[in-house]
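Reading through the structure tokens given below for one structure.
2 protein chains.
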Amino acid sequence: MKIAVLGTGEVGRRLATKLASLGHEVTMGSRTADNAEAGRWAAEHGGRHGTFANAAAAAELVVNATSGLVSLAALESAGAGNLRGKVIVDVSNGLDFSEGFPPKVVTLDGRSIAEQLQRAFPEARVVKTLNTMNNTIMVDPGRIPGHHNVFLSGDDAAAKAEVSALLRSFGWAGEQIMDLGDLSSALATEQLLPLWLRVHGAVGSAEFNYSIVTA
Amino acid sequence: MKIAVLGTGEVGRRLATKLASLGHEVTMGSRTADNAEAGRWAAEHGGRHGTFANAAAAAELVVNATSGLVSLAALESAGAGNLRGKVIVDVSNGLDFSEGFPPKVVTLDGRSIAEQLQRAFPEARVVKTLNTMNNTIMVDPGRIPGHHNVFLSGDDAAAKAEVSALLRSFGWAGEQIMDLGDLSSALATEQLLPLWLRVHGAVGSAEFNYSIVTA
């Protein structure tokens, strides 16, 4: 599949590398065409790179791995026409550290970042997932033993099925993928980040994940 | 131990019943001395009941099981003098359903309910815990098989140790009790409620809990 990964940070590079290793044709998108990080990644992993618009235009599926604080701007830069009809896998989180620790969870107009993206691009099909864990675990769930979960939120059932298949290709088992419902449920997972940071402090590692254990 | 349970709802009654069954002398507190629910509970379980102030005055330890929307008012009614030096086990959550589902998590001035209570009653020793699960599991963690967690937040180490001992008497094992740090970490657990509601919808039951699984 032709996939755009928007964002050149650790999360974007991790996802892009995994997707390329699975045989997808990956273009890493960034604000400018000459982003050094994107260039290095493309050279090392046989991928492409370009602007957000270049990447989105070429793609059948778009991964938003930009910071939630700038995701709306990044997708505007990608362009509505380049996103039309496409699944957007939104793994973003918005954390504002400007007032120190703990950071504030940034939502836009009190809604999740995912919902704001969906509103801004009504013809795209936004699915929120993977935003509740360290990037190492996103693409290699076997690092954590036993049962643990990845959440899925979205308004489009077919888009969620497509993202679920992508998660399975990363190593997630069906029983680990929990569909939380429509896209309004994305706020619940975006608000999980402060707990993630506290648990990170308590266990002294980012190599953990949440598991829902039922009776 | 002499324990006040403030709040006559399902959570308050569940905790009061467990505490009474463990041999503690429990007084259930409510806004008025003649609360019918509190009267019924006291008659059935050999406990006492009275106003918030009556309950707190008699207690060595206070459990805040009121709705987070009214907790500050409830503790003001209990009276600062009756709370001085005492551990307050705060199990409250503030959910505002006035605009429908999903509810908004209510924080006070952007801070957790627990922190607001601590600020209002600086001589009390507030410990946040048990607010991330159904009340059935609070007092009977064995209902959920295997590893799962209860979180602890508070500024007073001795108070946290005391609450940890209380949790053990409920059946929680030491490795299930995760200390998240100072009381500012309570916001992270109060913000977990929207996810709880979505998971409740996804699994179709309140009989689940969160587990932190490490590599």
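Residue numbers (our numbering), protein chains in the order written: chain C, 1 to 215; chain R, 216 to 430.
Heads up, the beta-carbon is just placed ideally off N, CA and C, and yes, glycines get one too.
Keep in mind it's a predicted model, so treat the numbers as computed, not measured.
Under 8 Å from the C-beta of residue i: neighbouring residues of chain R
| i | result |
| --- | --- |
| residue 76/C | Simply none; closest approach about 27 Å. |
| residue 144/C | 428, 429 and 430 |
For residue i, the three-state DSSP class (helix, strand or coil)
| i | result |
| --- | --- |
| residue 424/R | strand |
| residue 217/R | strand |
| residue 316/R | coil |
| residue 245/R | strand |
| residue 189/C | helix |
| residue 232/R | helix |
| residue 385/R | helix |
| residue 237/R | coil |
| residue 359/R | coil |
| residue 334/R | helix |
| residue 285/R | coil |
| residue 154/C | strand |
| residue 87/C | strand |
| residue 419/R | coil |
| residue 396/R | strand |
Residue i vs residue j beta-carbon contact at 8 Å
| i | j | result |
| --- | --- | --- |
| residue 353/R | residue 229/R | yes |
| residue 275/R | residue 216/R | yes |
| residue 398/R | residue 341/R | yes |
| residue 149/C | residue 176/C | yes |
| residue 431/R | residue 234/R | Beyond the ends of chain R as shown, which are 216 and 430, falls residue 431/R; an answer cannot be given. |
| residue 78/C | residue 56/C | yes |
| residue 50/C | residue 33/C | yes |
| residue 106/C | residue 83/C | no |
| residue 63/C | residue 6/C | yes |
| residue 401/R | residue 319/R | no |
| residue 333/R | residue 394/R | no |
| residue 4/C | residue 58/C | yes |
| residue 267/R | residue 296/R | no |
| residue 112/C | residue 426/R | no |
| residue 329/R | residue 368/R | yes |
| residue 195/C | residue 403/R | yes |
| residue 146/C | residue 171/C | no |
| residue 359/R | residue 423/R | yes |
Within chain C, partners of residue i - CB distance below 8 Å
| i | result |
| --- | --- |
| residue 414/R | 178, 180 and 212 |
| residue 406/R | 105, 191, 192, 194 and 195 |
| residue 346/R | None at all; the shortest Cβ gap to chain C is about 12 Å. |
| residue 317/R | 184, 185, 187 and 188 |
Any chain C beta carbon closer than 8 Å to residue i
| i | result |
| --- | --- |
| residue 329/R | no |
| residue 313/R | no |
| residue 225/R | no |
| residue 337/R | no |
| residue 418/R | yes |
Span of the beta strand (DSSP E) around residue i
| i | result |
| --- | --- |
| residue 277/R | 276-279 |
| residue 48/C | 48-51 |
Residue-level contact to chain R via CB, residue i, 8 Å cutoff
| i | result |
| --- | --- |
| residue 93/C | no |
| residue 119/C | no |
| residue 135/C | no |
| residue 24/C | no |
| residue 37/C | no |
| residue 148/C | yes |
| residue 173/C | no |
Span of the alpha helix (DSSP H) around residue i
| i | result |
| --- | --- |
| residue 344/R | Run containing residue 344/R: none in the alpha helix (DSSP H); it sits in the beta strand (DSSP E), 340-344. |
| residue 351/R | 350-353 |
| residue 254/R | 251-260 |
Where residue i meets chain C, residues with beta-carbon distance less than 9 Å
| i | result |
| --- | --- |
| residue 378/R | Those do not exist, as residue 378/R stays about 16 Å from chain C at its closest Cβ, beyond 9 Å. |
| residue 382/R | Correct list: empty, because the minimum Cβ distance to chain C is about 16 Å. |
Partner residues on chain B for residue i, Cβ-Cβ distance less than 7 Å
| i | result |
| --- | --- |
| residue 209/C | Given the protein chain composition of this structure (C and R), no chain B is represented. |
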